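For the record, the sequence lines run as chains A and B.
Per this note's numbering, residue 4 is the first one in the first sequence, and the count goes up by one each step.
Per this note's numbering, residue 4 is the first one in the second sequence, and the count goes up by one each step.
2 protein chains.
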Amino acid sequence: MTDFNKTVVLVSGGLDSTTTLAIAKDLGFICYALSFDYGQRHVSELNAAKKITQTFAVAEHKIIKFDLVQIGGSALTDNSIDVPSAPTEGIPVTYVPARNTLFLSYALAWAEVLNVNDIFIGVNAVDYSGYPDCRPEYIKAYEQLANLATKAGIEGTKFKIHTPLIEMTKAEIIKKGLSLNIDYSMTVSCYQSNADGRACGVCDSCRFRKDGFEAAGTMDPTLYQ
Amino acid sequence: MTDFNKTVVLVSGGLDSTTTLAIAKDLGFICYALSFDYGQRHVSELNAAKKITQTFAVAEHKIIKFDLVQIGGSALTDNSIDVPSAPTEGIPVTYVPARNTLFLSYALAWAEVLNVNDIFIGVNAVDYSGYPDCRPEYIKAYEQLANLATKAGIEGTKFKIHTPLIEMTKAEIIKKGLSLNIDYSMTVSCYQSNADGRACGVCDSCRFRKDGFEAAGTMDPTLYQ
């Protein structure tokens with residue numbers, strides 16, 4: 004039987020996914036948090052994810068380890084490609100091939116085992132880097148796939164991928180999060196944060212975050228290097 | 004630039020994926036083979052996959068390690084669930100939640116890095132266990148997703164998931180493979196083969212394979228326990 008009170012939430016340790024977790028919790032869901040150790044440069048994210056999921060008292064926090072370094076093709080998983088410190092044309096080299104598809108597939112697997120049909124992911128298609136797997140049409144295609152891919156789907160479950168941030172600006176996301184009492188100093192967005200979680204301040208992810216706090220008219224609690 | 008001579012082929016070490024590799028090679032593709040070490044019971048599959056990819060002289064063979072035991076929910080990844088030794092009603096407990104979706108997502112990531120738009124997978128919807136992620140409608144949905152999920156898709160690549168076996172009986176698959184000179188004694192299909200790759204003879208996968216050789220009117224070269 005589907006359990007409509009529970010949800011799987013993807014939690015990276017960043018600003019967006021933390022806000023998404025807060026929203027899911029505020030909606031009354033019992034949250035099962037899922038993070039990934041995929042060989043990303045910014046492993047301090049995972050320490051942030053642990054702290055955040057504890058703070059939000061999730062029902063369970065799983066960290067799935069898999070190796071995207073073997074696949075490569077991104078500045079986040081291949082040390083020979085530098086993370087850009089200024090905006091670039093088109094989709095930046097920090098794009099990781101099929102990353103959200105892999106993330107959602109693990110979430111789908113866990114949701115099926117938990118008998119849950121709701122999955123939350125903090126993708127955003129406004130203040131973002133143009134990654135294809137953050138767009139509404141991608142999410143819609145994934146939902147269709149999920150229903151065809153699974154035993155639960157065949158048996159009538161309609162999987163729903165919730166993307167509460169998808170149409171919000173970064174400033175709106177921050178305001179929403181502050182209204183839910185998130186302490187954003189816990190979150191790490193930087194693509195190349197150091198071991199203490201201190202941010203570089205210049206990568207795409209830092210820039211969107213910094214501009215977001217400024218536009219929200221609130222203090223930026225980020226710890227910079 | 005897309006390289007139309009190359010393809011990623013999913014190779015488990017079983018009968019179907021080996022036949023699929025032989026077909027891709029026979030069509031003239033340079034093959035990049037991808038296997039998975041996901042905590043399955045039948046690890047002797049992977050030894051078979053290594054032998055097979057060597058025999059077929061693939062351009063590269065990657066084995067991606069990831070942990071589906073953490074997710075559980077299947078007799079293949081959870082030792083507390085027994086592999087059935089007789090046919091069961093409905094989709095059997097050997098179904099692994101979102102497995103082919105994860106497999107295809109890794110293949111998609113690698114295809115994108117290789118600038119390749121063709122992916123071969125040996126799914127079959129005739130002599131099979133009713134797994135949802137082996138059906139044509141699932142494969143079609145995955146293709147649509149792949150084009151929306153990726154930078155390559157946005158830039159015009161049309162990913163094609165080739166499923167040459169999908170409408171074939173097991174006997175037809177075996178005949179096709181024999182016509183391509185496959186030595187099926189190299190392949191391991193059993194869900195619970197022992198360390199030497201010897202098959203149990205009673206699981207679903209063994210039964211489909213055994214019946215296939217019989218229907219093909221050819222000797223079954225499988226090594227049984």
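Where is the CB? At the ideal position from N, CA and C, for every residue including glycine.
Quick caveat: nothing in here was measured; it's all calculated off a predicted structure.
Pick from the options that is closest to residue i, judged by C-alpha positions
| i | options | result |
| --- | --- | --- |
| T153(B) | C193(B), Y109(B), K173(B) and N184(B) | Y109(B) |
| L148(B) | E158(A), P135(A) and E175(A) | P135(A) |
| I169(B) | S188(B), F162(B), K143(B) and P139(B) | P139(B) |
| P100(B) | E146(B), M4(B), P87(B) and I74(B) | I74(B) |
| I3(A) | C137(B), L151(B), Y141(B) and V86(B) | In the structure as shown, chain A begins at 4 and stops at 228. Residue 3(A) is therefore absent and cannot be evaluated. |
| T10(A) | A27(A), L105(A) and D19(A) | A27(A) |
| V86(A) | A202(A), P224(A), D223(A) and M222(A) | A202(A) |
| V14(B) | C209(B), E217(B), L37(B) and I164(B) | L37(B) |
| I164(A) | I185(A), K173(A), D70(A) and C137(A) | C137(A) |
| M4(B) | Y227(B), M222(B), E158(B) and E217(B) | E158(B) |
Inter-residue spacing [alpha-carbon to alpha-carbon] between residue i and residue j
| i | j | result |
| --- | --- | --- |
| V116(A) | G220(A) | 43 Å |
| R44(B) | Q195(B) | 6 Å |
| T103(A) | V119(B) | Going by the sequence as given, residue 103(A) is Asn instead of Thr. C-alpha separation (whole angstroms): 20 Å. |
| A89(B) | C206(B) | 7 Å |
| L24(B) | Y131(B) | 19 Å |
| E146(A) | K161(A) | 8 Å |
| I66(B) | V72(A) | 12 Å |
| T166(A) | I122(A) | 9 Å |
| Y187(A) | Y35(A) | 21 Å |
| A52(A) | T190(B) | 42 Å |
| Y59(A) | L183(A) | Looking at the sequence provided, one finds Phe at residue 59(A) rather than Tyr. Each residue's alpha carbon lies about 11 Å from the other. |
| T97(B) | S77(B) | 5 Å |
| E217(B) | T22(A) | 58 Å |
| G42(B) | E48(B) | 12 Å |
| A174(B) | M222(B) | 12 Å |
DSSP three-state assignment for residue i, whether helix, strand or coil
| i | result |
| --- | --- |
| K9(A) | strand |
| D2(B) | No answer is possible for residue 2(B): the residues shown for chain B start at 4 and end at 228. |
| I33(B) | strand |
| I164(A) | strand |
| S248(A) | Residue 248(A) is absent from the structure shown; chain A starts at 4 and stops at 228. |
| A174(B) | helix |
| Y155(B) | A quick correction: the sequence has Ala, not Tyr, at residue 155(B). It is helical. |
| Y145(A) | helix |
| A89(B) | coil |
| S38(B) | strand |
| Y109(B) | helix |
Cβ of residue i within 9 Å of any chain B Cβ
| i | result |
| --- | --- |
| G75(A) | yes |
| D85(A) | no |
| P100(A) | yes |
| A60(A) | no |
| Y131(A) | no |
| K140(A) | The residue you asked about is not Lys; residue 140(A) is Glu in the sequence shown. So, interface residue. |
| P167(A) | no |
| T10(A) | no |
| K154(A) | yes |
| L151(A) | yes |
CB contact below 9 Å: residue i versus chain A
| i | result |
| --- | --- |
| F123(B) | no |
| D6(B) | no |
| I164(B) | no |
| G204(B) | no |
| P135(B) | yes |
Any non-hydrogen atom of the ligand NAD closer than 8 Å to residue i Cβ
| i | result |
| --- | --- |
| N82(B) | As for the ligand NAD, it is missing from this structure, which has no ligand bound. |
For the region 40-84 of chain B, which segments carrying the beta strand (DSSP E) assignment without a break, of at least 3 residues, lie completely within its bounds, in sequence order? 63-68
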